[in-house]
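What follows is one structure encoded as structure tokens, with my remarks underneath.
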Amino acid sequence: MNEPLEFVGQTGTVVRSRVIAKILKNPLGLAAVIVLFAMVVLAVLANMLAPFDPNFANIGKSLASGDAVNLLGTDSVGRDVWSRLVFGARTTLLSALLCAAVAIVIGLPSGLIAGYYGGKFDGVSNWVVNVLMSLPGIIVLLTVRAAMGPSVWLSMVAFGILMAPGYFRLTRTAVQSVRNELYVDAARVAGLSDTAIISRHIFSVVRAPIIIQTAVICGVAIAIQSGLEFLGLGDASVATWGVMLNEGFKNIYLSPLLLLWPALAIGLTIGALVLLANALRDALEDAEKIKAPRRGSDTAQAALTATRRRPDRNEAASVEAGTEHHLVKVSHLGVGYPQADGSIKKVVDDVSFHVDRGEVLGIVGESGSGKSQTAFSILGLLPESARIVAGSIQFDGKFTVSPTDDRVSQARLGEFRGKRISYIPQEPMSNLDPAFTIGYQLVTPMMRVLKISKSEATQRALKLLDDVGIRFPEKTFAAYPHEVSGGMAQRVLIAGAISCEPDLIIADEPTTALDVTVQADVLDLIRDLQKGLGVGVILVTHNFGVVADLCDRVAVMQNGRLVEDGDVRDILRNPKDPYTQKLLGSMLENKEPLTMLVSAGMSAGQAIARDDERDEKEMAQ
Amino acid sequence: MKFGPKSTALAVLAAAAIALTACGGGTNSGGNGGAAPTTLTLATLQDIKTFDPTDAHIGHRMPIYQAVYDSLIRRAPDGKLDPMLATEWSYNKDQTVLTLKLRTDVTFSDGAKFDAAAAKANLDHFKDAKGQDAYQAASMKSVAVVDPSTVAITLNSPDPAFSYYLTQALGLQASPKAIGTDGIKTVPDGSGPYVYDAKSSVKGSQYVFTKRAGYWDKDLQKFDKVSFKYLVDLTARTNALVSGQVDGALLDPKTGKQAEGAGLVAHKSQVDWQGILLYGRDGKISPALANVKVRQAMNYAFDRKTILAQQYLNEGTVTDQVFGPESGAYVPALDNTYPYDPAKAKALLAEAGYPQGFTLKIPTIAGYDAINAVFKQQLSDVGITLQTESIPDANYVADMAAGKYAGATFQLYQGEPWVAINQMVSTTALYNPFKTEDPELTALIKAVQNGGDKSADEAKKVNEYITKNAWFIPMFRLNQMYFSSKKIDVQPQLQQAVPSIYNYAPAK
Amino acid sequence: MVSFILKRIASGISVLVAIAFFTYCLLYFSSANIARNILGEFASQDQVHAKELELGLDRPLLTRFFDWAGSALHGDFGVSWFTSEPVVSAITTRLPVTLALVVVSIVCITIVATLLGMAAAVKRGWIDRLVQGAAVVGDAIPDFVLGIVLVSVFAISLKFFPATSSISPDAGAGAWVASMTLPVIALLINGVASVAQQIRSAVIKQLEKDYVRTLRSRGIPEWEILFKHVLRSAAPAGLTVLSLKFVGMLGGVVIIEQIFALPGMGALAVQSTSQGDIPLVMGVVLYTVIIVIIVNLLVDLINGWLNPKVRVS
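Chains as they are written, first to last, in this note's numbering: chain A, 35 to 655; chain B, 14 to 521; chain C, 24 to 336.
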């Protein structure tokens, strides 16, 4: 490697908070943690916090309201409500934990084994899980109670067994998904034993869902237990919140507050558990939720809000005179993502270029150069959290991003997408909705955008499929995305992109995910279509070979900045910028010039035919 | 990005909610305005098993049977025996043959005629069917048809309670065509003032009856329609009463307060006594209980007045005896046998050889948890540890009868002396599972059995014996809190949990 | 497709048999005092013993189970030991009430939870927090507490609705709806939370998928993407939790039925298990499990319809 490249363009780093910090920052999560902590303190320190034994009955002072001696009053036999609440916390929480513990002890190991090893154990345990999940919970609990007495602990153990399938399924699914991941295979190859793999890799994946599930299960256990006790089916000699609820209902007209305290305790605890589970889930899965910067702070985000705002729906700022003829003009575009610390991480920095009607512009760069982000800015398909921090974009003489907008105007772009600007994505399989047929996904947008009838759209779709080189359009039309090969899917996507006769096609690395032989054909297709329809194309790629093949002009990006742009032949032959030179050098130096991978003696048409044959064989299976 | 459909959907939901609100309500508010109500809707605590009279049971279920079936003798609200299907009756000299003269103008709803043969069929069948109240026929030896309107029942031995039983399940008369069939289980066939309306009824939820045309006693038919709603949950029952869905319901002292607040009329009567049964008097399970001083000590340990005031809001009367005031065996002075005196209790315990107290284990179920907590506290104040063991509701009586425990908290209805004696005192009594007896007591019991008209007086002596010997720890006679709406008049029925169906009438 | 259904039915039957045996064993251990309880406190020991013989309580467990299973296969579930009512008729008069309550509640929950979950997933920000918070509140308050509050406020104080739901069969549709409203609302508020959460998570996941962006690029309006495409792919997660809720509710409505005096399976279940009325309990359990199996099968079929990839397996 040569000396490290200068990092220009992208500024700022991605700030990722730790999970616990995330939970605590989430106001609901923080509240949940506080409540649960308080409950645990109550339970643990019950002996110290409770002035009376929970069953001590001051029979002369029943249903008294709160005073200095009995903080929350007394119940119908003169027992101190506060003491019962506090001791009840202990029993209620312990019994819920017992339920969860039983469920985990049964569900987790069996899920791990079933998920990892599969086979007979998997089959048998799945059947057992089916049995357990088909059992109506309360009825089983009632029967257990009838058979073995009303003990809280017994019913929680029984309930734990009923809840085990949840953990089993969770663990099994997580294990199965991870088992097939590449890094597990790598670990196997490296010689790690099964237990090591399970404990090290799989456990860490499973950890979070288990914790979330436990929080939820504890809530459910408390609810069920109180329900049974409310029905009078609990063991009333042990103070639990459910028993107190039952007491409260019996005396509701005389002393409504009796009901309030246990209901509040139960509600708060269950609520806190659920909120904690939610906060945990959010912390692990979602991206940061960025708070709006305080006014007056000197962060980058504050600066942004000062200069730019949400796009105005009706604004018709006019573009610079003399630039209307360009199909697309990007001027000093800056795109960034607000971070948790108030800064903005820029992914596109001061990029300017234009594309005219009928010309093909290639945007080249390595991963992370900001080329896709630029393309999405033009399309208006940036993620929610993205912000335009500088510059503007105009399409056919109208601003889609005016100089004061902090986001792309969906109102304006909504008109263009599909009709005048279209998109060919990189990865064909994940860009088709797996639940609908290919035909449906072609026809419906056409009906909507072009306002034609279904039969006409179907005709067009079939013709398009033919145009993009699909051998048997009807079969493909009726197929689902998972039933066709990658190459065919990409052709379908291309067909979709041109179906509404756009002026501009933005192709984001359209061939990267395809087999090399298919790549060539798809590129040919794009070229033919472009010539035939006269559309403008922005082709994002990291492959100079593709650029050489298709593009009229090229722009080179590095770390969010545009380093060089110009005519393809000029750039390729005489790159001026050192980075461009490096890029070209690392691809072409000491190598045979790349040619299209067509076997000697075969024409392009034969190559297409051969490729389709392969696709059809796949489809026929 | 507008989210139009969502707000539309919410609006639809809101509109639906409002629409439902508008078309709900007012359906069952019993709104008969100012006109005299011709419908009586009652809440009942217990569901009937079947409509077969052999499944009838004393207490809560009787009114439902009374709606469709007549009995041989009718018991007035004050306990007096009035003629019904039997016009007069009398015993022979040694109280072993009861002869009844019967009405001749009664037909069943299927057209069959009521006569002595029908009465005999019913009585014989009741004895054979061995239903829940089969004990009522225990002393019945045989039934003879003297003539079409006279029947003579021969008893094994004198039974002072027998004519009372003829006002209960034993006396219910079903059509001879339907006796013992399967059909009568679901569709009753009697001669009573109302007939069953199967179409409007739902088993286990509500039973509806309509006025019977051609009934022989118009005075007993106060309403055009009578329906019973089975509402076992106290809260649901209270809600139904307070909101006007039912006209009468049995509540408890606490929910009674809400009913009073809603303007409902309270009818209080005392039917049960509540306390602790100490049937382990033989000492097998708990040796301490064999000592009469221990049992007496326990009686002194309870501050009955305070407990009644706190737990039952003073709805009741404290008592030290198990026989009720109307039973005839009541001795007023006995109610002062055990005033609240923890010091005396401790002293007695020491005398009996238990200065440190002892432990007594009793069963408990949901309904008695609260009062047992109170009892536990009071006993621990004199050094006795009361251990409670939670058992399933269904096992409570069975475990008592099987003698699994030395004692239990319970509530028993205070019936006629002979009934009460057979209930808990005699050696065959269910609530004397260890069959404790004493020659003195046995003689007293025999005197009651043979006492004829004097049996009640003789029973007073039994009362004194078991009270002084602390066979039980009676606490109080609780008030039955029956509430009714202002639209009806109702009289409580002596020694019955709820009023008989004949005791209801539209308000004047 | 047919073989799939057949396989599931076969699996369902094996589940049913296992559950039947397991329940029977459990009940066997609680049947000590049944004869006494049936006959009441005044019956003599001889009568009790005779009853025990009549009910076959002296015979060994397996014999009794196979007897029961044999008649059950012919559709004869016997009669209740306590009320002599045929088990099948006892259940078929009560099951529709419970089913109606559960089905109506589930439908309402589905609609509300879908809307809430999608709103939370799409809008994020303060709506998301609000929905989460509200859903959690609903989740945290047990449904029977809600039921009592609703009855106190709406039925007794405001008299909008009847206080109990026991009505005549011939009372008409309006009265039926009025009597079901409060119980359904109690169940709804309590049940929406977890379903909304699942749908929210699933929708968020789907929205991050590539094809959504591609659909947008085709000019399809946002609401169509949400309701036609995203919801369809997010539905299986919601369906799973809904079917779990359904199973839970079949038993869980016991308390609601008690509060509102609904003549459904709940009271039957509590009473029959407390009393140890074996034929009735077996009937209740089996009917419930059969419903669960059918519902699970339906959910699988719907999942298959929603997700073509699953159909193959």
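Virtual Cβ for every residue (Gly too), placed ideally from N, Cα, C.
Here the structure is a predicted model, which means the values were calculated and not measured.
Per-residue burial, residue i [other beta carbons within 10 Å of its own, 16 or more giving buried]
{"i": "residue 149(C)", "result": "exposed"}
{"i": "residue 203(A)", "result": "buried"}
{"i": "residue 209(A)", "result": "buried"}
{"i": "residue 328(C)", "result": "exposed"}
{"i": "residue 372(B)", "result": "exposed"}
{"i": "residue 43(A)", "result": "Residue confidence is low: residue 43(A) scores 45 on pLDDT, short of 50, so the model does not pin down where it sits. No coordinate-derived value is stated."}
{"i": "residue 89(C)", "result": "exposed"}
{"i": "residue 185(B)", "result": "buried"}
{"i": "residue 280(B)", "result": "buried"}
{"i": "residue 120(A)", "result": "buried"}
Partner residues on chain C for residue i, Cβ-Cβ distance less than 7 angstroms
{"i": "residue 457(A)", "result": "237, 240"}
{"i": "residue 465(A)", "result": "233, 234, 237"}
Where residue i meets chain A, residues with beta-carbon distance less than 9 angstroms
{"i": "residue 391(B)", "result": "91, 93"}
{"i": "residue 379(B)", "result": "184, 265, 266, 267, 268, 270, 280"}
Proximal residues of chain C, C-beta to C-beta of residue i below 9 angstroms
{"i": "residue 468(A)", "result": "234, 256, 330, 331, 332"}
DSSP bridge partner residues for residue i (one or two, in chain order)
{"i": "residue 492(B)", "result": "283(B)"}
{"i": "residue 203(B)", "result": "187(B)"}
{"i": "residue 485(B)", "result": "290(B)"}
{"i": "residue 591(A)", "result": "596(A)"}
Partner residues on chain A for residue i, Cβ-Cβ distance less than 7 angstroms
{"i": "residue 9(C)", "result": "Shown here, chain C extends from 24 to 336; a query on residue 9(C) therefore has no answer."}
{"i": "residue 319(B)", "result": "93, 94"}
Nonlocal neighbours in the same chain, by C-beta distance under 6 angstroms from residue i, ignoring five residues either side
{"i": "residue 357(B)", "result": "313"}
{"i": "residue 139(B)", "result": "67, 150, 183"}
{"i": "residue 270(A)", "result": "277"}
{"i": "residue 57(C)", "result": "299"}
{"i": "residue 465(B)", "result": "108"}
{"i": "residue 229(C)", "result": "253, 256, 257"}
{"i": "residue 131(B)", "result": "189"}
{"i": "residue 391(A)", "result": "361, 570"}
Within chain B, the residues that residue i reaches when beta carbons sit closer than 7 angstroms
{"i": "residue 187(C)", "result": "244, 249, 252, 253, 258"}
{"i": "residue 312(C)", "result": "The premise fails here: residue 312(C) is roughly 22 angstroms from chain B at the closest Cβ pair, so nothing lies under 7 angstroms."}
{"i": "residue 106(C)", "result": "62, 63"}
{"i": "residue 450(A)", "result": "Correct list: empty, because the minimum Cβ distance to chain B is about 17 angstroms."}
Close-in-space but distant-in-sequence residues of the same chain around residue i (CB under 7 angstroms, 5 per side omitted)
{"i": "residue 85(A)", "result": "114, 117"}
{"i": "residue 299(B)", "result": "293, 373, 419"}
{"i": "residue 290(C)", "result": "280, 281"}
Chain F within 7 angstroms of residue i, Cβ atoms only
{"i": "residue 440(B)", "result": "In the displayed structure, chain F is absent; the protein chains listed are A, B and C."}
Beta-carbon neighbours of residue i, restricted to chain C and to distances below 8 angstroms
{"i": "residue 217(B)", "result": "113, 116, 117, 286, 290, 291"}
Cβ neighbours of residue i in the same chain (closer than 8 angstroms, five flanking residues each side left out)
{"i": "residue 446(B)", "result": "292, 413, 414, 415, 416"}
Interface residues of chain B facing residue i [CB-CB closer than 8 angstroms]
{"i": "residue 183(A)", "result": "403, 404, 405"}
{"i": "residue 70(C)", "result": "143, 147"}
Neighbour list for residue i in chain A, Cβ cutoff strictly below 8 angstroms
{"i": "residue 252(C)", "result": "467, 469, 470"}
{"i": "residue 382(B)", "result": "270, 271"}
Beta-carbon neighbours of residue i, restricted to chain B and to distances below 9 angstroms
{"i": "residue 299(C)", "result": "405, 407, 408"}
Any non-hydrogen atom of the ligand GDP closer than 6 angstroms to residue i Cβ
{"i": "residue 71(B)", "result": "Although the ligand GDP was asked about, the structure shown includes no ligands whatsoever."}
Per the contact definition of three or more C-beta pairs closer than 8 angstroms, is the stretch 474-482 of chain B in contact with the stretch 252-271 of chain B?
no
I'd like to know if the stretch 304-314 of chain A and the stretch 245-254 of chain A are in contact, where contact means that at least 3 CB-CB pairs between them fall below 8 angstroms.
yes
Taking contact to mean 3 or more Cβ pairs, one atom from each stretch, closer than 8 angstroms, check whether the stretch 164-177 of chain A and the stretch 120-136 of chain A are in contact.
no
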